Amino acid sequence: GYLYVTNYNSSSVSVINGATNKVIANITVGSEPEEVAYDPSNGYLYVANFGSNDVSVINGANNKVIANIAVGWGPAGVAYDPSNGYIYVTDIDSNDVSVINGANNTVIATIAVGSGPAGVAYDPSNGYLYVANSGSNNVSVIDGANNTVIASIPVGSDPVGVAYDPSNGYLYVANTGSNDVSVINGANNTVIASITVGSFPVGVAYDPSNGYLYVANTGSNDVSVINGATNTVIASITVGLNPEEVAYDPSNGYVYITNYNSNNVSVINGATNTVIATIAVGSEPWGVAYDPSNGYLYVANYNSNDVSVIDGANNKVIAT
59 GYLYVTNYNS SSVSVINGAT NKVIANITVG SEPEEVAYDP SNGYLYVANF GSNDVSVING
119 ANNKVIANIA VGWGPAGVAY DPSNGYIYVT DIDSNDVSVI NGANNTVIAT IAVGSGPAGV
179 AYDPSNGYLY VANSGSNNVS VIDGANNTVI ASIPVGSDPV GVAYDPSNGY LYVANTGSND
239 VSVINGANNT VIASITVGSF PVGVAYDPSN GYLYVANTGS NDVSVINGAT NTVIASITVG
299 LNPEEVAYDP SNGYVYITNY NSNNVSVING ATNTVIATIA VGSEPWGVAY DPSNGYLYVA
359 NYNSNDVSVI DGANNKVIAT
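Residue 316 in my numbering sits at position 258 of the sequence shown; the count goes up by one each step and never skips.
Shown next as structure tokens:
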């Protein structure tokens, strides 16, 4: 029931107890940690350290670093594949993906992909990993069964974010440079649609209650709502300044958007696609995650070095 928050500038990971909303530990990791993923098979957390070119492995049982695994240059994105127990780490500066075997915490493969790999998502319907290559404007498809690239799919300019929609088996790729979202059919790995959204789309999340995708457009200060059934934009919702990331709360059907330059979070009602609340948080909020065990949202505030805890039941900050 703990939340693990990577602190980029202090090279540490803060551990929050969800029952008390207090920091119970600060774990020193490598330099400039970015993404973090959990492996339920061993209870370990894998932290990609962008500045030190390694991955810190944290034992969730005692919150201690048990290993530091050298990977490629500039590790950024992390994804876990439950079919084989492997962790996939995108190395943005060496243009490859490091594959870590969670059973022994060793790198078992290095897979060359496109230029500047950033976001990565797992598709459980086919066992493939989809890697957004921001520098080469394509998506590499990795077969988790043999860790080989089986396809390279051209998408828009500067793809960064990736989300999987289990209702249709599609992958949605946010292209920051071309202001659109590429829709990939996971059954045949082809782009079936290109959806124009707002300016500089970054974060994307899926809402299973309505089958919609919510795309945060940091350049136009709005959120594009895509109907997954038709792959069309059905609404554009004005939010705060420079929205970055998106999280869905299944307990209330709300979507939470972090607004980086207005220091708040916009709350969207998925039933009406309207903003029903704006919640002041810390300085320059970026990442956001939902904890189903307590119904709270955790917002990482980049510039104030803290985490705001929002109670989804009343949309109020209950702890910092």
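Glycine residues also receive a C-beta, built at the ideal position from the N, C-alpha and C atoms.
Predicted, not measured: the structure shown is a model, and the values here were computed from it.
### Task
Report yes or no: do the stretch 231-239 and the stretch 255-263 share at least 3 C-beta pairs separated by less than 8 Å?
yes
### Query
Taking one C-beta from the stretch 359-367 and one from the stretch 335-344 each time, how about it: are there three or more such pairs within less than 8 Å?
yes
### Message
Considering just the uninterrupted stretch of the beta strand (DSSP E) at proline 301, what are its terminal residues?
### Response
301-307
#### Entry: Option in Leu61, Thr86, Gly59, Gly370 with minimal Cα separation from serine 69
Thr86
### Message
Checking 9 Å against the spacing of the C-beta atoms, do valine 157 and valine 136 come in under that value?
### Response
no
### Query
Near tyrosine 380, what residues of its chain come up, given a Cβ to Cβ distance below 6 Å and the 5 sequence neighbours on each side ignored?
Within the shown structure, residues of the chain are numbered from 59 to 378, placing residue 380 beyond reach of any answer.
### Query
Is DSSP giving tryptophan 131 helix, strand or coil here?
coil
#### Entry: Residues bridged to tyrosine 264 [DSSP beta-bridge criterion]
Leu271
### Query
To the nearest whole angstrom, what separates the beta carbons of threonine 148 and alanine 134, a pair I think is in contact under 8 Å?
5 Å
### Task
Consider the Cβ of threonine 332: report whether some Cβ of chain C lies at a distance smaller than 9 Å.
Although the question refers to chain C, the structure presented lacks it and comprises just one protein chain.
### Query
Using a Cβ-Cβ cut-off of 6 Å (strictly less than) and excluding sequence neighbours within five positions of asparagine 195, which residues of its own chain qualify?
Ser215
### Query
Thinking C-beta only, is alanine 251 closer than 9 Å to proline 217?
no
### Message
Looking at the strands, I want to know which residues DSSP matches up with valine 207.
### Response
Ile200
### Query
If you run the structure through DSSP and keep just helix, strand and coil, what is glutamate 342?
coil
### Message
Am I right that aspartate 154 and threonine 164 are in contact with their C-beta atoms under 8 Å? What's the rounded C-beta distance?
### Response
16 Å between Cβ atoms; not a contact.
#### Entry: Beta-carbon proximity of glycine 185 to serine 225, cut-off 9 Å
no
### Query
So, do the stretch 59-75 and the stretch 86-95 have three or more beta carbon pairs nearer to each other than 8 Å?
yes
### Task
Would you mind reading off the limits of the beta strand (DSSP E) that contains threonine 148?
144-149
### threonine 332 burial status per 10 Å Cβ neighbour count (16 or more: buried)
exposed
### Message
If you follow the beta strand (DSSP E) that proline 91 is in, where does it begin and where does it stop?
### Response
91-97
### Query
Just to confirm, are asparagine 132 and serine 152 a CB contact at a threshold of 9 Å?
This sequence places glycine at residue 132; asparagine is not what is there. Yes, these two residues count as a Cβ contact at 9 Å.
### Task
Would you list the residues sitting across from tyrosine 360 in a DSSP beta bridge?
Bridge partners of tyrosine 360: none, in fact.
### Query
Which residues in the same chain as valine 255 place their Cβ atom closer than 7 Å to its Cβ, once the five residues preceding and following it in sequence are excluded?
Asn237, Asp238, Val239, Val273, Asn275, Ser282, Val291
#### Entry: Nearest to asparagine 75 (by Cα), restricted to the options Tyr62, Asn67, Tyr66
Tyr62
### Task
Using a threshold of 9 Å, state whether the C-beta atoms of isoleucine 200 and tyrosine 146 are closer than that.
yes
### Query
According to DSSP, what are the bridge partners of asparagine 233?
Pro217, Asp238
### Query
If tryptophan 344 and threonine 316 are in contact, beta carbons under 8 Å, what's the gap, nearest whole angstrom?
6 Å
### Query
Terminal residues of the continuous beta strand (DSSP E) containing valine 63?
60-65
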